[in-house]
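What follows is a set of notes on a single structure, which appears directly below.
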Amino acid sequence: MQLLIMRHGEAGWHSLDQERMLTETGRHQVAECAAQIAASPWRPVQIWSSPYIRARQTAAIVSEILNCPVEEKIFITPEDDPGLCLDALLENQHSPLMLVSHMPLVGSLATLLVDGHRRGIPFMTAQAVVLDMPVVGPGCADLKTQFLP
Numbered sequence: 030m031q032l033l034i035m036r037h038g039e040a041g042w043h044s045l046d047q048e049r050m051l052t053e054t055g056r057h058q059v060a061e062c063a064a065q066i067a068a069s070p071w072r073p074v075q076i077w078s079s080p081y082i083r084a085r086q087t088a089a090i091v092s093e094i095l096n097c098p099v100e101e102k103i104f105i106t107p108e109d110d111p112g113l114c115l116d117a118l119l120e121n122q123h124s125p126l127m128l129v130s131h132m133p134l135v136g137s138l139a140t141l142l143v144d145g146h147r148r149g150i151p152f153m154t155a156q157a158v159v160l161d162m163p164v165v166g167p168g169c170a171d172l173k174t175q176f177l178p
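Count along the sequence shown starting at 1, add 29, and that's the number in this note's numbering.
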């Protein structure tokens, strides 16, 4: 399975966490990163998005550029357990799959899949990484590349 993990674009701070919206800079960051992914061999066939507005906006921009469907998942919000996401990945039939979420989840999930622990790595806004997993499980993924705005 190939998994792209992407953090949402830059968002404003003028509302509740779940309602924060992308800034103009954030929209440009996401479009730039999505264009890089479109030109790569790692184009997702489906996007899973956090239900938070900034992640949904990010997923919508990526979906438009890559022409792939978006499905909201309630278990990929900032403080969710990466183990819940891992359980869902075990049942997933889509590859490559993109997950659009938030820190600290994106960092924790990436390190869980690559190194088998949950310490977490930092992600810039609109950054995406590509993981290749012959078997879906902790410590089973290889980091193939990353996309930066």
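Quick reminder that beta carbons are idealized off the backbone N, C-alpha and C, glycines included.
query	result
Taking 8 Å as the threshold (C-beta atoms), are M30 and S124 in contact?	yes
Rounded C-beta distance between V59 and I90? I'm assuming under 8 Å.	5 Å
Is it true that the region 101-108 meets the region 118-133, where meeting means three or more beta-carbon pairs spaced less than 8 Å apart?	yes
Check each candidate in I103, V74, R72 and name the one with the smallest Cα separation from R85.	I103
According to DSSP, is V165 helix, strand or coil?	coil
Taking the Cβ atom as the reference point for each residue, do I94 and A63 lie within a distance shorter than 8 Å?	yes
Whose CA, out of S79, L118, V99, lies closest to the CA of Q47?	S79
Based on DSSP bridge pairs, tell me the residues matched to L33.	M127, V159
Using the Cβ count rule (16 or more neighbours within 10 Å means buried), how would you classify S92?	buried
According to DSSP, S118 sits in a beta bridge with which residue or residues?	It is worth fixing the name first, because residue 118 is Leu in this sequence and not Ser. Bridge partners of L118: none, in fact.
Are the CB atoms of R56 and R83 nearer to each other than 8 Å?	no
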